[in-house]
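*Asks:*
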Amino acid sequence: MSSLSRELVFLILQFLDEEKFKETVHKLEQESGFFFNMKYFEEKVHAGEWDEVEKYLSGFTKVDDNRYSMKIFFEIRKQKYLEALDRHDRAKAVDILVKDLKVFSTFNEELYKEITQLLTLENFRENEQLSKYGDTKSARSIMLIELKKLIEANPLFREKLVFPTLKASRLRTLINQSLNWQHQLCKNPRPNPDIKTLFTDHTCTTPNGARASPVSVPLAAVPKAGGTYPPLTAHTPFQPPPAGPSLAGWMANAAAATSSVPSAVVAASSLPVPPNQAVPIMKRPTITDYQSAESEQLMKRLRPSGHGVDEATYPAPIPQPLWSVEDLPRTVACTLSQGSSVTSMDFHPTRHTLLLVGSTNGEITLWEVGMRERLFSKPFKIWDIQACSPQFQSVAKESSISINRVTWSPDGDLIGVAFAKHLIHLHAYQQPNETRQVLEIDAHSGAVNDIAFSRPNKQLCVVTCGDDRLIKVWDMHGQKLFSFEGHEAPVYSICPHHKESIQFIFSTSLDGKIKAWLYDHMGSRVDYDAPGKWCTTMLYSADGTRLFSCGTSKDGDSYLVEWNESEGSIKRTYSGFRKKSAGVGVVQFDTAQNHILAAGEDNQIKFWDVDNTTMLSSTEADGGLPGLPRLRFNKEGNLLAVTTVDNGFKILANADGLRTLRAFGNRPFEAFRSQYEASSMKVSGAPVVAGISPNIGRIDHIDRNSPAKPSPIMNGGDPASRSIDIKPRISEERPDKAKPWELMEVLNAQQCRVATMPETPDQASKVVRLLYTNSGVGLLALGSNAIQRLWKWARNDQNPSGKATANVVPQHWQPNSGLVMQNDTADTNPEDAVPCIALSKNDSYVMSACGGKVSLFNMMTFKVMTTFMPPPPASTFLAFHPQDNNIIAIGMEDSTIHIYNVRVDEVKTRLKGHQRRITGLAFSNQHVLVSSGADAQLCVWATDTWEKKKSVAIQMPAGKTPSGDTWVQFNSDWSRLLVVHETQLAIYDASKMERIYQWIPQDALSAPISHASYSRNSQLVFAAFTDGNIGIFDVENLRLRCRIAPPAYLSSAAINSNPSVYPLVVAAHPQESNQFAVGLSDGSVKVIEPLESEGKWGTTPPTENGVPNGRTSTSSATSNPAADQIQR
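Under the working numbering, the first residue of the sequence shown is numbered 294, with each subsequent residue one higher.
(1) Which of the three DSSP states, helix, strand or coil, is assigned to residue 1223?
(2) In the structure shown, what three-state DSSP assignment does residue 370 receive?
(3) From residue 739 to residue 790, what distance separates their C-alpha atoms?
(4) Determine the burial state of residue 261: buried for a count of at least 16 other Cβ atoms within 10 Å of its Cβ, exposed for fewer.
(5) Output the distance between the C-alpha atoms of residue 396 and residue 387, rounded to the nearest integer angstrom.
(6) Quick one: residues in its chain with C-beta nearer than 8 Å to the C-beta of residue 1179, no 5 flanking neighbours on either side, listed in chain order?
(7) I believe residue 1075 touches residue 1141 by the beta-carbon criterion, under 8 Å. Please report the beta-carbon distance rounded to the nearest angstrom.
(8) Using 10 angstroms around the beta-carbon of residue 431, count the other beta-carbons present and answer buried if the total reaches 16, otherwise exposed.
(9) Is the beta carbon of residue 1355 less than 8 Å from the beta carbon of residue 1373?
(10) Can you tell me the Cα-Cα spacing of residue 1309 and residue 892, whole angstroms?
(11) In chain order, which alpha helix (DSSP H) runs of at least 4 residues are fully inside the segment 295–378?
(12) Counting beta carbon pairs with one atom in the segment 876–889 and one in the segment 1341–1358, are three or more of them shorter than 8 Å?
(13) So if DSSP puts residue 955 in a beta bridge, which residue, or which two residues, is it bridged to?
(14) Taking Cβ positions, are residue 1384 and residue 1046 nearer each other than 8 Å?
(15) What's the C-alpha gap between residue 799 and residue 757?
(16) Note down the Cα distance separating residue 300 from residue 459, rounded to an integer number of angstroms.
(17) With 16 as the cutoff for other CB atoms within 10 Å, does residue 927 come out buried or exposed?
(18) So, with DSSP's three-state summary, where would you put residue 471?
(19) Would you say the segment 1279–1299 touches the segment 1321–1339, given that touching needs at least three Cβ pairs under 8 Å?
(20) Just how far apart, CA to CA, sit residue 1023 and residue 715?
(21) If I follow the unbroken beta strand (DSSP E) through residue 899, where does it start and stop?
(22) Can you list the alpha helix (DSSP H) stretches of 4 or more residues lying completely in the segment 886–952, in chain order?
(23) Which runs of the beta strand (DSSP E) spanning at least 3 residues fall entirely within the segment 789–828, listed in chain order?
(24) Can you look up residue 1327 in the DSSP assignment and give me helix, strand or coil?
(25) Curious, which full-length alpha helix (DSSP H) runs of at least 4 residues does the segment 647–700 contain?
(26) Under 7 Å Cβ to Cβ from residue 561, same chain only, skipping five residues before and after it: list those, please.
(27) Skipping 5 residues on each side, what residues in its chain have a beta carbon closer than 7 Å to that of residue 1363?
(28) How about residue 697 and residue 673: do their beta carbons lie closer than 8 Å?
(29) Buried or exposed, going by whether 16 or more other CB atoms sit within 10 Å of the CB of residue 819?
(30) Residues in its own chain within less than 7 Å of residue 1077 by CB, not counting five upstream and five downstream?
(31) Do residue 453 and residue 353 have their CB atoms nearer than 8 Å?
(32) Measuring alpha carbon to alpha carbon, tell me which residue in 1283, 1275 and 1247 is nearest residue 1264.
(33) Let me check understanding here. Comparing Cα to Cα, which of 793, 734, 712 and 786 lies closest to residue 750?
(34) Under three-state DSSP, which class holds residue 396?
(35) Just the Cα atoms here: how many angstroms apart are residue 710 and residue 766?
(36) Flag this pair as touching only if the segment 1254–1270 and the segment 1205–1212 have three or more C-beta atom pairs under 8 Å; answer yes or no.
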């Protein structure tokens, strides 16, 4: 449907509403899908007219469109189901369960089972989660609040929740205008025409042939259903208050009062406005006066959505897959020293580990952060001082000028640099480490505050702004194309963007104004006030559909917001900033992957989900950040560069980013160079971008009739020899060498934080299995008495996050029924059984066994949902399939592995490959299951065919027999496998099942290993020993970085008891990399964290030539020689 046809639908909706055709109005809303009437939707929900509610929704979305839509339909059908149960209408409830709710079982089988279980309850409020369910009216109101949030967040409803602002009876007005026009065309117009129909064109005859006079046909002359036409006041959803100037209104309001000047002053333009066009533009600022076909297309794109097949549309936001906090780059991968305070950073658009850095001494540096190497460094130099303006020559006496901004061109072939005085530089870049001077432009009087690349008319240009209150556009010859004037204060930042083929620029100034410009001479199109009314920067999301801004007021208050372009209003404001930001300056921000926002404030980096105004997470990045750190994501969003107080920067990474950085390993630079040369086109004397002369050094004014000539270099040296710096400069500053590395020894309770879980009446003599909940808010312990205990941390002032922490002691949690989760023991002594436990990914169910049947417990009610697999043989290890919670791998006492389907209560297959009982199971996302047994064997199984791919014997230390329990665990990216045996820790390459590193107990840590686990980010290994010691190892070469002695977390009575107390199991927090918990042989559980002043467990031992530098005897490791060679 065309844009005009779509607007006609809105006019008809208005007409129908005015004429009180209420049912028809809502039917057309639903069938057209152009406007979602929230008021009508609320009325139907409150009335419980569920069929009409779903029918109306169906015009806008379907159940399986995206996660928001699925949640909307689920909440409605769940409410309908609960109301049937509340009326004790079981037949209706069953009908709803089978017909309406069954569709959701595909996505969450456990939830569907739990809903089904409500049928068995006399009152569904007996369910812990529904205990606060009130009456029907209040329940509908509460649900409606949630539904409105989901609808507003759903991209399918974007721009459909507000009706266009129309004058009353707009359709009648258009009809009157049409009839007037028809009357004007009559050959013999009558003074008072009698118009009786709209079905045919109007004509009238006059015997005298009198000329027509302008006629205003009264509304009464148009056939109508009722008497008068009341104004549209009784139907508020149809008449929202007029919004401020909007992006969509640029074309219709170019010369309106939204700009501070009627028209921009355009200086030195190569595209002047023809004189014969200037007057009409100024006199009649209507759409047809100056609007091009492309401009009309832009206006269509920016109206509320509803495009037809005949329109080319800007790509709509694709519903994003679910993601977690783990996707945030929060792990410090490396710290690099720049040597001067870093002012700007930008990652290469395609080489995601190349980071361009600008600093206060005017130096630009290119870093390969994967290798931690400088590829080149360019000190500040003026290329042609004589060609600069006299004003600049008078202030250009400093040896260096600070950089305000560095940026890459979209293809990564050019580097743009904006300096704090007058200049911009453009460099051509050839991978891996060669550059060539391209342009030096005396661009602005005073500071050049920002620089960016854009492509108006498909030609690469440079956009700059400065203290002279101007925005300028330059071509690749240094010719000025546009100079936009309209700001009344220095222009702080620019944000070029495009919608389809329409290019435009947002700009912000120090008086808090936001303006928008097209590449023409019509002045600014909008004039917004930025929150804070001072320094503000603007960015679009990666897919170009969402606009954000972040800024700081003069009082130090910071604001991060999302804009509604179509309305020119703020859509949401993100919370989490301090009232007055610590530090002098402006909060910096960036966005990545269409769903992450990050800002630097309060000596930390703060993260938000773009769809949630509440701060998602924060990190201090191991300390050392300034009050307002600068930051920059790479394009993949898996690396984040942040500045430090000591003239450097840190690279933070998520699991993907760490894997990317590890891929570089310790490759020499020459190997790195050859990699780039093999994959990149070489640049010869020809310009990188068409139209760039390689001889141009600096240009401001250029005579187009004469060829460009080489500019003299006043600061010495030929430009070619100075700009190509083939050998990388290696940073000589090594923080690790500042002082000798020392092993961190935690010897008493004052050197770490410890929280002891409260004792319970059913406390066991031993904790044999221990798990954190996946949400990180609870700890689940399985005791030797076959009883499971759960502790939960509450969200309060002492613990705002509600996550597990050693700062606060949690509460022992039980449902109101007083039930406990006790396993079947099959008349055996649970102390003699091999316990096993596994938790579902959504924390809804826990599965466990202690010598008897496997029991599946509901984590909210503690009720046994089902039992299966009665002995013999007894179950000894449990693991949920990563893609399907209904598939469980069960290790058995008889050395087999059963692949069991809970849904159909059936063993699908039995795997045989071990000689003794199964002691460990680990799934990876590479369709692999690894099993370990008491026979010291590892088996690899293909999960698509369940065939054994490989069997590996654990390499035992000399004199040790190949027996005893063995545990296995994949790291976060499934590339490494941790193997734990009482005699060793070992890390294997998961793809080859070859051992890379091995550590054997010795010296201060010479006791047998009782258990071990990867940390949350897989950078550490927490290992417990039977003498009570705890070792924390770096995964690289399994070097010991910290030892925690028993007095640090145990009482003297526990240490001196007989037998002595020690950790039997270790569990790592799922979100906090330095937090772990231990289950002890006396039945107690403790959470252990480093001191807040330390922030982490020691530092990584330095290495020289692959050997730990200053390594103590207790941190020695043996390793596979072949694997070591690969690592180096």
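The beta carbon of each residue, even a glycine, is placed where N, CA and C say it ideally should be. Being a predicted model, the structure only gives us computed values, none of them experimental.
*Replies:* Looking at the atomic coordinates:
(1) It is a strand residue.
(2) The three-state secondary structure of residue 370, taken from DSSP, is helix.
(3) Straight-line Cα distance between these residues: approximately 26 Å.
(4) Shown here, the chain extends from 294 to 1421; a query on residue 261 therefore has no answer.
(5) Per the coordinates, the alpha-carbon of residue 396 lies some 14 Å from the alpha-carbon of residue 387.
(6) Only residues of its own chain outside the window of five on either side were considered, and among them 402, 1194, 1195 and 1196 have a CB closer than 8 Å to the CB of residue 1179, listed in chain order.
(7) Indeed, because the Cβ distance is near 6 Å, the residues count as touching under 8 Å.
(8) Around the Cβ of residue 431, a 10 Å sphere holds fewer than 16 other Cβ atoms; the residue is exposed.
(9) The answer is yes: Cβ separation under 8 Å.
(10) Answer to the nearest angstrom: the Cα atoms are 24 Å apart.
(11) Correct list: 296–311, 315–325, 331–340 and 343–350.
(12) Counting Cβ pairs under 8 Å, fewer than three are found: no touch.
(13) In the DSSP assignment, residue 955 forms no beta bridge with any residue.
(14) Their beta carbons are under 8 Å apart, which means residue 1384 touches residue 1046 by this criterion.
(15) Just so you know, the alpha carbons of residue 799 and residue 757 end up roughly 12 Å apart.
(16) Our two residues, residue 300 and residue 459, have alpha carbons roughly 11 Å apart in a direct line.
(17) Burial is judged here by how many other beta carbons sit within 10 angstroms of a residue's own beta carbon; residue 927 has at least 16 and is buried.
(18) DSSP, reduced to helix, strand and coil, places residue 471 within a helical segment of the structure shown.
(19) In the pairwise beta carbon analysis, the segment 1279–1299 is classified as touching the segment 1321–1339: at least three pairs are separated by under 8 Å.
(20) Only weak support exists for where residue 1023 lies, its pLDDT of 34 falling under 50; the coordinates are left without a value.
(21) According to the DSSP assignment, residue 899 belongs to the beta strand (DSSP E) that extends over 897–902.
(22) As summarised for the segment 886–952, there are no continuous alpha helix (DSSP H) elements at least 4 residues long confined to that stretch.
(23) Taking only runs of at least 3 residues, the beta strand (DSSP E) segments lying wholly in the segment 789–828 are 795–802, 806–811 and 819–822.
(24) Here residue 1327 sits in strand by DSSP.
(25) 683–688, all fully within the segment 647–700.
(26) Unreliable positioning characterises residue 561 in this predicted model, as indicated by a pLDDT of 34, which lies under 50. A coordinate reading is not provided.
(27) If we look at residue 1363 and ignore the five residues flanking it on each side, its Cβ neighbours are 1065, 1067, 1069 and 1309.
(28) In this structure, residue 673 does not lie closer than 8 Å to residue 697 by Cβ.
(29) The residue is buried, with at least 16 neighbouring Cβ atoms inside 10 Å.
(30) Result list for residue 1077: 1057, 1058, 1059, 1061, 1123 and 1124, in chain order.
(31) Yes, they are a contact pair.
(32) That would be 1283, whose Cα lies nearest to the Cα of residue 1264.
(33) For the options 793, 734, 712 and 786, the alpha carbon positioned closest to that of residue 750 is the one of 793.
(34) Reduced to three states, the DSSP call for residue 396 is helix.
(35) Whole-angstrom Cα-Cα distance: 15 Å.
(36) With a cut-off of 8 Å, the segment 1205–1212 and the segment 1254–1270 count as touching, because enough Cβ pairs lie within range.
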